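Under this note's numbering, read the sequence shown as residues 1 to 393, first letter to last. Note that the Cβ used here is the ideal one computed from N, Cα and C, for glycine as well. Note that the structure is predicted; figures quoted are calculated from it, not measured. All remarks here apply to the structure that follows.
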Amino acid sequence: MNIHEYQAKDILERFGVPVPKGIVASTPGEAKAAAEELGGTVVVKAQVHAGGRGKAGGVKVVSSADEAEQAAEAMLGTNLVTHQTGPQGVPVRKVMVAEATDIADELYLSIIVDGDAGVPVVIASTEGGMDIEEVAEKTPDRLFRVAGDPLIGLSPYHARDIAALLNVPASARRATAALISNLYRLFVENDCSLVEINPLVVTKDEEVIALDAKINLEDDALFRHKDLAGLHDPEQEDELERRARSADLAYVKLDGGKVGCMVNGAGLAMATMDITKWAGADPANFLDIGGSADQDRIEEAFRIIVSDDEVEIILVNLFAGIARSDVVAQGIVNAAKETGATLPMVVAMRGTNAEEGRNILNESGLDITAAPDLAGAAETLRDKLSGAKGGAR
Ligand code: GDP
Ligand code: MN
1 MNIHEYQAKD
11 ILERFGVPVP
21 KGIVASTPGE
31 AKAAAEELGG
41 TVVVKAQVHA
51 GGRGKAGGVK
61 VVSSADEAEQ
71 AAEAMLGTNL
81 VTHQTGPQGV
91 PVRKVMVAEA
101 TDIADELYLS
111 IIVDGDAGVP
121 VVIASTEGGM
131 DIEEVAEKTP
141 DRLFRVAGDP
151 LIGLSPYHAR
161 DIAALLNVPA
171 SARRATAALI
181 SNLYRLFVEN
191 DCSLVEINPL
201 VVTKDEEVIA
211 LDAKINLEDD
221 ALFRHKDLAG
231 LHDPEQEDEL
241 ERRARSADLA
251 YVKLDGGKVG
261 CMVNGAGLAM
271 ATMDITKWAG
281 ADPANFLDIG
291 GSADQDRIEE
301 AFRIIVSDDE
311 VEIILVNLFA
321 GIARSDVVAQ
331 GIVNAAKETG
341 ATLPMVVAMR
351 GTNAEEGRNI
361 LNESGLDITA
371 APDLAGAAET
381 LRDKLSGAKG
391 GAR
């Protein structure tokens, strides 16, 4: 789960990571009052679950309360489009008004879970403020990685090493090492999957503070952080992914694919995406309807798939164990009739009540082609796609 910058900064503060003083505002009037309270030059920052705001007009440095009001007015109620959002952008409902900082140097600091090593890894770079992907690509030697230990944590000497690698002024070394240790503690204690400070800045007064903050919380650990779960902002999520989440479906929209995939089981869903590729097409989504999917969930899954305008054909791949093929088939037929969806479907069903499931589909009058198994589904998909595209693929 993603949270907003102002929420992330609250957490940073609680863990002793310095951040600029800031006030959240939902109206231009509130932004003006906030700027008056802070006094002097402030920055107005759109609060959205996406980075790249600076380049997209979502971060404005202003020198008066009136200008802060105008900047907030221009941002609030709009959709901000950055290189990290889709073309429709994400809605700006709040801005953060923060004390402006005199920047001497912009650094990069993050912590992620390294899935291969199974440990949290601190990533640091002197090249802050820009896309870290670009740094990784063009100047990989300026990225440092230091692994923590699940039992010991991050050793103080590691934190000092990182502070040294970041090349902060001597007067700020000790505070930077403490900041890194605190950030690591924050990461572990809140079950984060990502904490990213970009930029971490050295001010003209040689102080080191987090100018930006991004925190991702591990969904599967949220049950033990009830307070953090409340920070969820569904408005910032992709509409279809949000619907899928509330129906308890594991769904990820993929760019550029035409084949809507409906599958039970995460492993089978991965395999289905592979055979889709093998058939010469791209999957439009990952979708796991789960092991014990009832009819309502199947119907919602189908509605979500056909709500994606890019989908031209649906591939249903079911290995019915606890789930029953007839229930899935009936769910598909109901949802197809209700939505008026006429997309062709390739269906492979095996396992519990597969025969009944196939009968329901065959008698539905929908454009359905049955396939015997996974490989057969790929062949059928390939035939269908080449037919639809006049032989080319
Ligand atoms: P992002 O673009 O969404 O990552 O938003 P950031 O919070 O990282 O801000 C983008 C850039 O705006 C930073 O890299 C800074 O260069 C600049 N910026 C943000 N806050 C301040 C500030 O208080 N003072 C100054 N001078 N620049 C700022
Ligand atoms: Mn940033």
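Item to check | Span of the beta strand (DSSP E) around P120 | outcome: Looking up residue 120 in the sequence shown gives position 120. Run containing P120: 119–125, per the beta strand (DSSP E) assignment.
Checklist entry - When the distance is taken between beta carbons, is V95 closer than 8 Å to F31? => result Walking along the sequence shown from the start, residue 31 turns up at place 31. Walking along the sequence shown from the start, residue 95 turns up at place 95. Residue 31 is actually Ala in this sequence, not Phe. Contact annotation: A31 and V95 have beta-carbon atoms nearer than 8 Å.
Next on the checklist: Could you check whether the Cβ of V90 sits closer than 7 Å to any heavy atom belonging to ligand 1?
Outcome noted: Here residue 90 is taken as the residue at index 90 of the sequence shown, counted from 1. Result no, Cβ not under 7 Å from ligand 1.
Next on the checklist: Counting only C-beta atoms, is L361 closer than 8 Å to chain B at any point?
Outcome noted: The structure shown has no chain B; it contains just one protein chain.
Checklist entry - Around the Cβ of L151, are there at least 16 other Cβ atoms within 10 angstroms (buried) or fewer (exposed)? => result One-based indexing of the sequence shown puts residue 151 at position 151. Exposed, because fewer than 16 other Cβ atoms sit within 10 Å of the Cβ of L151.
Item to check | Local Cβ density within 10 Å of T342, reported as buried at 16 or more and exposed below that | outcome: For this step, residue 342 is matched to residue 342 along the sequence shown. Exposed, by the Cβ-count rule.
Checklist entry - Nearest to A281 by alpha carbon, out of A293, G260, G129? => result On the sequence shown, residue 281 is found 281 positions in, with the first residue counted as 1. Closest in C-alpha terms to A281, from the list A293, G260, G129, comes G260.
Next on the checklist: Pop quiz: A320 and L366 are said to be a contact at Cβ under 8 Å. What is the actual Cβ separation, rounded to whole angstroms?
Outcome noted: Locating residue 320 in the sequence shown gives position 320, counting from the first residue. Locating residue 366 in the sequence shown gives position 366, counting from the first residue. Contact annotation, A320 with L366: C-beta distance approximately 19 Å; criterion of less than 8 Å not satisfied.
Next on the checklist: Could you tell me the alpha carbon to alpha carbon distance between D149 and F223, rounded to whole angstroms?
Outcome noted: Position 149 of the sequence shown, counted from the first residue, corresponds to residue 149. Position 223 of the sequence shown, counted from the first residue, corresponds to residue 223. If you take the alpha carbons of D149 and F223, they lie about 24 Å apart.
Next on the checklist: I believe V92 touches L76 by the beta-carbon criterion, under 8 Å. Please report the beta-carbon distance rounded to the nearest angstrom.
Outcome noted: Looking up residue 92 in the sequence shown gives position 92. Looking up residue 76 in the sequence shown gives position 76. Going by Cβ atoms, the distance from V92 to L76 rounds to 6 Å, so yes, they are a contact pair.
Checklist entry - Looking at the structure shown, is G357 part of a helix, part of a strand, or coil, going by DSSP? => result In the sequence shown, residue 357 corresponds to position 357, counting from 1. Correct three-state label for G357: helix.
Checklist entry - Just how far apart, CA to CA, sit E338 and L318? => result The residue you call residue 338 lines up with position 338 of the sequence shown. The residue you call residue 318 lines up with position 318 of the sequence shown. Rounded to the nearest angstrom, the two C-alpha atoms are 22 Å apart.
Next on the checklist: Taking 7 Å as the cut-off, is the beta-carbon of D105 closer than that to any non-hydrogen atom of ligand 2?
Outcome noted: Position 105 of the sequence shown holds residue 105. Checking every heavy atom of ligand 2 against the Cβ of D105, none is found closer than 7 Å.
Checklist entry - Among the residues of its own chain, which have a CB less than 6 Å from the CB of G391, if the five just before and after it don't count? => result To locate residue 391, count along the sequence shown from 1; it is residue 391. Because G391 sits at a pLDDT of 38, beneath the cut-off of 50, its placement in the model cannot be relied upon, and the following sentence gives the value as read from the coordinates. Excluding sequence positions up to five before and after G391, its CB lies less than 6 Å from no other CB in the same chain.
Checklist entry - CA-CA distance, K389 and L381? => result The count along the sequence shown starts at 1 and reaches residue 389 at position 389. The count along the sequence shown starts at 1 and reaches residue 381 at position 381. Note that K389 scores a pLDDT of 48, beneath 50, so its modelled location is shaky and nothing firm can be said.
Item to check | Alpha carbon of M1 to alpha carbon of D227, nearest angstrom | outcome: Here residue 1 refers to the residue found at position 1 of the sequence shown. Here residue 227 refers to the residue found at position 227 of the sequence shown. Straight through space, the alpha carbons of D227 and M1 are spaced by roughly 13 Å.
Item to check | Rounded C-alpha distance that separates M273 from V113 | outcome: Here the question's residue 273 lines up with position 273 in the sequence shown. Here the question's residue 113 lines up with position 113 in the sequence shown. Approximately 25 Å, taken between the alpha carbons.
Next on the checklist: Taking only three categories from DSSP, how would you classify M130?
Outcome noted: Within the sequence shown, residue 130 is the residue found at index 130, counting from 1. In this structure, M130 counts as coil in the three-state DSSP scheme.
Item to check | D294, DSSP secondary structure in three states | outcome: As a first step, residue 294 must be located in the sequence shown, where it is residue number 294. Collapsing the DSSP output to three states places D294 in coil.
Next on the checklist: Please state whether the Cβ-Cβ distance between L154 and Y184 is less than 8 Å.
Outcome noted: Reading the sequence shown from its first residue, position 154 is the one you call residue 154. Reading the sequence shown from its first residue, position 184 is the one you call residue 184. Cβ distance < 8 Å, so L154 and Y184 count as in contact.
Item to check | Helix, strand or coil at E36 [DSSP, three-state] | outcome: Position 36 of the sequence shown holds residue 36. Here DSSP, grouped into helix, strand and coil, assigns E36 to helix.
Item to check | Rounded straight-line distance, which links the Cα of S110 to that of D299 | outcome: Residue numbering aside, residue 299 sits at position 299 when the sequence shown is read from its first letter. Residue numbering aside, residue 110 sits at position 110 when the sequence shown is read from its first letter. Note that residue 299 is Glu in the sequence shown, not Asp. Approximately 40 Å, taken between the alpha carbons.
Checklist entry - Cβ of D212 versus every heavy atom of ligand 1: is any distance shorter than 7 Å? => result Locating residue 212 in the sequence shown gives position 212, counting from the first residue. Yes - ligand 1 has a heavy atom lying nearer than 7 Å to the Cβ of D212.
Item to check | Spatial neighbours of G129 in its chain, beta-carbon cut-off 6 Å, leaving aside the 5 residues before and after | outcome: Your numbering for residue 129 matches position 129 in the sequence shown. The beta carbon of G129 is closer than 6 Å to those of E106, P199 in its chain, skipping five residues each way along the sequence.
Item to check | Between the CA atoms of I23 and A65 - distance to the nearest angstrom | outcome: Sequence index remark: in the sequence shown, residue 65 carries index 65 (1-based). Sequence index remark: in the sequence shown, residue 23 carries index 23 (1-based). A65 and I23: Cα-Cα distance of roughly 13 Å.
Checklist entry - Apart from the five residues on each side of it in sequence, which residues of its chain come closer than 7 Å, Cβ to Cβ, to L268? => result Along the sequence shown, read from residue 1 onward, the residue named residue 268 stands at position 268. For L268, where only same-chain residues beyond five positions count, the Cβ hits under 7 Å are N317, F319.
Checklist entry - Going straight from the alpha carbon of P18 to that of A229, what length do you get? => result Start at 1 with the first residue of the sequence shown, and residue 18 comes out as number 18. Start at 1 with the first residue of the sequence shown, and residue 229 comes out as number 229. Looking at the backbone, the Cα of P18 and that of A229 are separated by about 24 Å.
Next on the checklist: Please report the distance separating the alpha-carbon of F15 from that of S181.
Outcome noted: Translated into the one-based positions of the sequence shown, residue 15 becomes position 15. Translated into the one-based positions of the sequence shown, residue 181 becomes position 181. Roughly 10 Å between the two C-alpha positions.
Next on the checklist: Taking 8 Å as the threshold (C-beta atoms), are I289 and K384 in contact?
Outcome noted: Residue numbering aside, residue 384 sits at position 384 when the sequence shown is read from its first letter. Residue numbering aside, residue 289 sits at position 289 when the sequence shown is read from its first letter. In this structure, I289 does not lie closer than 8 Å to K384 by Cβ.
Next on the checklist: ligand 2 and N2: does any heavy atom of the ligand fall closer than 7 Å to the residue's C-beta?
Outcome noted: Position 2 of the sequence shown, counted from the first residue, corresponds to residue 2. N2: no, Cβ never under 7 Å from ligand 2.
Checklist entry - So, is R393 buried or exposed, given that buried needs 16 or more other C-beta atoms within 10 angstroms? => result Looking up residue 393 in the sequence shown gives position 393. Because the pLDDT of R393 is 37, which lies under 50, any placement of that residue in the model is unreliable, and the number read from its coordinates should be weighed accordingly. Exposed is the call here.
Item to check | Residue interval of the alpha helix (DSSP H) (run including V188) | outcome: Working through the sequence shown from its first residue, we reach residue 188 at position 188. Counting along the chain, the alpha helix (DSSP H) containing V188 begins and ends at 173–189.
Item to check | DSSP beta-bridge partners of R145 | outcome: Here the question's residue 145 lines up with position 145 in the sequence shown. Looking at the DSSP assignment, R145 forms a beta bridge with I123.
Item to check | As assigned by DSSP and simplified to three states, the class of L318 | outcome: The residue labelled residue 318 in the question sits at position 318 within the sequence shown. L318: strand per DSSP, three-state reduction.
Checklist entry - For ligand 1, any of its heavy atoms closer than 7 Å to the Cβ of V168? => result Taking the first residue of the sequence shown as 1, we reach residue 168 at position 168. Result no, Cβ not under 7 Å from ligand 1.
Checklist entry - Rounded to the nearest angstrom, how far is the Cβ of V42 from that of V97, given a contact under 8 Å? => result Sequence index remark: in the sequence shown, residue 42 carries index 42 (1-based). Sequence index remark: in the sequence shown, residue 97 carries index 97 (1-based). Between V97 and V42 the Cβ distance is about 5 Å, and since that is below 8 Å, they are a contact.
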